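Asker: The structure under discussion is supplied below as structure tokens; questions concerning it will follow.
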Amino acid sequence: MNLKDLKILSGIAIAFLLISLFVFFNSLSGLKAAKQEILVKDFDQLLTDLSIIKLTNQNFQTVIEKKDNHWILTSHDNFPANSEILRKFFYNLREARIISLKTSKKNLHYKLGLSEESKIRIDLNNKEGKSLESFDLGVFNYLVGGTYLKKIDQDQSYLVSANLGTDAEGFHWMSPYLINIGPDQVKKISIMRPFKKPIILDQVDGELLELVSPSEKTIDEYVLNDVVGNLQSIESEGYILREDLKSKSPILKTEYKFSNNSSLKIDFFQIDSEIFMTLDFINIPSNLPPFEKEISDSFEGNQFEISSNALLQFAFQVNKMNYDNLNIELEDIN
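Under my numbering, residues -14 to 319 are what the sequence shown spells out, in order.
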């Protein structure tokens, strides 16, 4: 090979190198631009106009609507929506940026969770039902920290830089909070069960609760603590309408009287293997703060918190422990 040929080959190699560098840096520039592309262009305006959120998959549909500035699940008997879950959903939607394009081949959508069997369709509508935004959600990729999605009726899929993973099943969007009432607030408890003597715990000389009936029995100290503290941080695990209980009898009734002169009647029902309770308050003090859906996780002992959910006419599914703590067996006095 002579010097002339060598120069020609060198020139060609340099040209290829320059072209490769141009393509590389151009692709980086394109990726950077893609990262800066906002999924929802004018999120603040969307949030102002938004009145209906509809989530649909192959098995479920949940509709959340704004009524009198409160979000409720109109698909689930107007049960209050979980404001914490909604805030997280709105925040992630606002922060979502398109990272990169993915496949536009329908036969590969299943790999991204965008098949008909796996995807969740999200419709964001105004109060007239007009679409503001709509897209299909796939899975969240934990390795890259992004969610796969595509526009409705389009095959092109994207990876966006936010965890938009959600659920079309209604319970995911429900507010679970009910009550959080500490043992220091309780001054009397009555427990009634079919075919058994009532159990009455009352304060003696304004001090600690003691078993006063049946008088021939005694109660273990640990069991007593469970009974008195049973109203702390109770959350709903589901609900049914009270009218669905018309043919059923309570398996246990209890009444709590509190130091602020209010009282609470709770009826427990068993449906299959699940426990449901109804809550009925009497003489709630007017000086309590306005009721909100959320309650704290305080265990100070003197807390008296009632979620606005607990005032609704539902029967709430609760942890079986809340029933077991009251379905107690007393001991004979030696």
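No residue lacks a Cβ here, since even glycine has one placed at the ideal position from N, Cα and C.
Remember, it's a predicted structure, so these values are computed and weren't measured experimentally.
(1) Would F254 pass as a contact of A300 if the rule is Cβ separation under 8 Å?
(2) What ranges does the beta strand (DSSP E) occupy inside the stretch 211 to 290, keeping only unbroken runs of at least 3 residues that lie completely in it?
(3) Using only the alpha-carbon positions, how far apart do M159 and F284 sit?
(4) By how many angstroms is the C-alpha of K135 removed from the C-alpha of L149?
(5) For the stretch 133 to 204, which segments carrying the beta strand (DSSP E) assignment without a break, of at least 3 residues, lie completely within its bounds, in sequence order?
(6) In the DSSP assignment, what are the bridge partners of R82?
(7) Does Q43 come out as helix, strand or coil in the three-state DSSP assignment?
(8) Give the DSSP-derived three-state secondary structure of H61 in the structure shown.
(9) What whole-angstrom Cβ distance do I176 and T239 have, given they're in contact under 8 Å?
(10) In whole angstroms, what separates the C-alpha of W56 from that of G223?
(11) Kindly indicate the opening and closing residues of the beta strand (DSSP E) around N110.
(12) Give me the Cβ distance between K104 and L122, rounded to the nearest whole Å; I'm assuming they're in contact under 8 Å.
(13) Return the CA-CA distance between D190 and S221, expressed in angstroms with no decimal places.
Answerer: Judging by the given coordinates:
(1) yes
(2) 223 to 226, 237 to 243, 248 to 256, 259 to 267
(3) 24 Å
(4) 12 Å
(5) 142 to 145, 162 to 166, 171 to 177, 184 to 188, 194 to 198
(6) I23
(7) coil
(8) coil
(9) 5 Å
(10) 18 Å
(11) 105 to 110
(12) 6 Å
(13) 36 Å
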